[in-house]
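Asks:
Protein chains: 2
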Amino acid sequence: MAEAPAQDRGARSRDAILDSAGELMSRYGYAATSISMISAECGLPASSIYWHFGSKDGIYVAVLERARTALLTALPPAEVPGADVAERLDAFLAEVQRAFHRQPHGLKLLLGLGMVQQDASAAAVAEVHHYRDALVAWTRDALSAVFRLHDRPQVADELARFTLRMASGTVVARWFDPSAVMDTGALHVALLALAAHHDVLVHGTSGEGSRSRDVTDRE
Amino acid sequence: MAEAPAQDRGARSRDAILDSAGELMSRYGYAATSISMISAECGLPASSIYWHFGSKDGIYVAVLERARTALLTALPPAEVPGADVAERLDAFLAEVQRAFHRQPHGLKLLLGLGMVQQDASAAAVAEVHHYRDALVAWTRDALSAVFRLHDRPQVADELARFTLRMASGTVVARWFDPSAVMDTGALHVALLALAAHHDVLVHGTSGEGSRSRDVTDRE
DNA sequence: GTCTATACCAAGATAGAC
DNA sequence: GTCTATCTTGGTATAGAC
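So the sequences go chain by chain: A and B. Counting from 1, one number per residue, gives the positions in the first sequence under UniProt numbering. Counting from 1, one number per residue, gives the positions in the second sequence under UniProt numbering.
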């Protein structure tokens, strides 16, 4: 077809705009990112940006949507391999850490833009919640598989909430100290203890302390 | 004296401006809060705001500074009462929760504005870090007292980091779901387990977690 | 210290040629 | 789909009377 290249160019421009916008918005936040900054970053004029997305809010929604699908396709398995709890928990935490490490803006976007909800459009608010809900669901399902919690949904919920708050807190810590990383070692210990506290069977390793099962303690 | 009332009026205006600015900035973020919004909220004209603070950045620094001193004077005791670890930990967590509950904007400010560091002035960045450092120090000292960690500073650091990330994560959770609160129960279990994991003596009490405390692992 | 009025500029957004 | 040029609004910030 003769029009394929044209469509291609448009699609690539669209991606370039989203790349620039995502980078800038995750860095400076939505309000502090201007169309001209995006234009300067990606090389296309402001009017092209408006042609693709219609409004600043439209860019915001598209950026979030792309970040969400990228994150979720990077987190395929809700079922976690491993014979016992400790092994599955390690696999889960490794997955979390890898996703965390490979999605530098995704989470900052969710956090930084989530704050702005109050003045954002309905579509933007919906997309933020969609993103958040997907993360919650994945975490709950994965932890449910790790600890075999199919009959204890409220426990799975608590563990997921705990894990996500830890992850959010780490994102926050990273903008004070960019070298901060997820402390999966501490999270491992904490999740085992929480599970044991709710009388979840954590067979195999000795009790919930499980010092034998160290992940990658950095020091 | 005849000038006292004038000084008073100025001081009260200054406070009113800071109240409005703090409220708006913790809600919408620094960039999305305009001088006219602050002016409308507190009733004083924009020029008065500039007379008091010189620039938008000046307001930002003053707001942060006031939030920091307010929070820190609300957290007086670095030493925590209690005969055993579980009791002191409960006292500590109660203190954290009370501070969390009574400082609705303080932490949101620190988080929301912390993100904006990249484009903020040097004074603003310094104030944000000052605030953050004060929080870290208080938490570390308090936990050090709870667990008697004077000779294990790196363990105190890890516990403090864990606690603060949990608190930050809860602040984030609150702007998705305003009814979210600090889960001090889970934090209690997790901190005890982390301390035990580092071979910190957590003698005998069964805390609130009945069965969470029976592992006095030896190395 | 507080007000009215205003300078100045960058923001978001659009028009219309190509 | 992309460009140049432009409109409008609202932003930060200041001048100067009171």
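For glycine and all other residues, C-beta sits at the position ideal for the given N, C-alpha and C.
(1) Using a Cβ-Cβ cut-off of less than 7 Å, list which residues of the UniProt domain "HTH tetR-type" (11–71) of chain A approach chain B; keep chain order.
(2) Considering only residues of the same chain and omitting the five flanking positions on each side of residue 170 of chain B, which have a CB-CB separation below 8 Å?
(3) Using DSSP with H/G/I as helix, E/B as strand and the rest coil, what is residue 44 of chain A?
(4) Examine chain A for any beta-carbon lying closer than 8 Å to the beta-carbon of residue 181 of chain B, and answer yes or no.
(5) Note down, in chain order, every chain A residue with its Cβ under 7 Å from the Cβ of residue 190 of chain B.
(6) What does a CB cutoff of less than 6 Å around residue 107 of chain B pick up in its chain, not counting 5 residues either side in sequence?
(7) On the three-state DSSP scale, how would you describe residue 79 of chain B?
(8) Counting only beta-carbon separations shorter than 8 Å, does residue 82 of chain A have a partner in chain B?
(9) Tell me the rounded alpha-carbon separation between residue 259 of chain B and residue 162 of chain A.
(10) Applying a beta-carbon distance threshold of less than 8 Å, which residues of chain B neighbour residue 158 of chain A?
(11) Does residue 168 of chain A have its Cβ less than 8 Å from a Cβ in chain B?
(12) Taking the straight line between their C-alpha atoms, what separation do you get for residue 189 of chain A and residue 55 of chain A?
(13) Do the stretch 56–63 of chain B and the stretch 77–96 of chain B touch if we need at least three Cβ pairs shorter than 8 Å?
(14) Residue 18 of chain A to residue 129 of chain B, Cα distance in whole Å?
(15) Can you check whether the CB of residue 67 of chain B is closer than 8 Å to the CB of residue 22 of chain B?
(16) Roughly how many whole angstroms lie between the Cα atoms of residue 25 of chain A and residue 58 of chain A?
(17) Rounded to a whole number of angstroms, what is the C-alpha to C-alpha distance between residue 48 of chain B and residue 39 of chain A?
(18) Taking buried to mean at least 16 other C-beta atoms within 10 Å of its own C-beta, is residue 201 of chain B buried or exposed?
(19) Rounded to whole angstroms, what is the Cα-Cα separation between residue 29 of chain B and residue 109 of chain B?
(20) Can a CB atom of chain B be found closer than 8 Å to the CB of residue 172 of chain A?
(21) Using a Cβ-Cβ distance cut-off of 8 Å, determine whether residue 111 of chain A contacts chain B.
(22) Going by C-alpha to C-alpha distance, which of B:177, B:197 and B:135 sits closest to residue 69 of chain B?
(23) May I have the straight-line CA-CA distance separating residue 121 of chain B from residue 33 of chain A, to the nearest angstrom?
(24) Jot down the residue ranges of each uninterrupted beta strand (DSSP E) in the stretch 85–167 of chain B, minimum 3 residues, whole runs only, in chain order.
(25) Closer than 6 Å by C-beta to residue 16 of chain B: which residues in its own chain qualify, once you throw out the five before and the five after it? Chain order, please.
(26) If distances are taken between C-alpha atoms only, which option among B:139, B:145, B:124 and B:151 comes closest to residue 242 of chain B?
(27) Which value, in whole angstroms, describes the spacing of the CA atoms of residue 79 of chain B and residue 158 of chain B?
(28) Taking DSSP as the reference, what is the three-state secondary structure of residue 18 of chain A?
(29) Contact defined as beta carbons within less than 8 Å: I believe residue 193 of chain B pairs with residue 193 of chain A. What is the distance between those atoms, to the nearest angstrom?
(30) Quick one: does residue 197 of chain A have its CB under 8 Å from some CB of chain B?
(31) Verify the CB distance criterion: does residue 135 of chain B have a CB-CB separation below 8 Å to chain A?
(32) Taking the C-alpha atoms as reference points, what is the distance between residue 186 of chain A and residue 198 of chain A?
(33) Which of helix, strand or coil does DSSP assign to residue 25 of chain A?
(34) Just by C-beta distance, which residues in the stretch 84–112 of chain A are closer than 7 Å to chain B?
(35) Between residue 202 of chain A and chain B, is any beta-carbon pair separated by less than 8 Å?
Replies: Considering the structure as presented:
(1) 27, 28, 29, 31 and 32
(2) 100, 180, 181, 182 and 183
(3) coil
(4) no
(5) 190, 193 and 194
(6) 171
(7) coil
(8) no
(9) For chain B, the structure presents residues 1 to 219; residue 259 of chain B sits outside this window and is missing.
(10) 183 and 186
(11) yes
(12) 46 Å
(13) no
(14) 31 Å
(15) yes
(16) 13 Å
(17) 36 Å
(18) exposed
(19) 8 Å
(20) yes
(21) yes
(22) B:135
(23) 17 Å
(24) none
(25) 42
(26) Because chain B here runs from 1 to 219, residue 242 of chain B falls outside it and cannot be looked at.
(27) 18 Å
(28) helix
(29) 3 Å
(30) yes
(31) no
(32) 19 Å
(33) helix
(34) 111 and 112
(35) no
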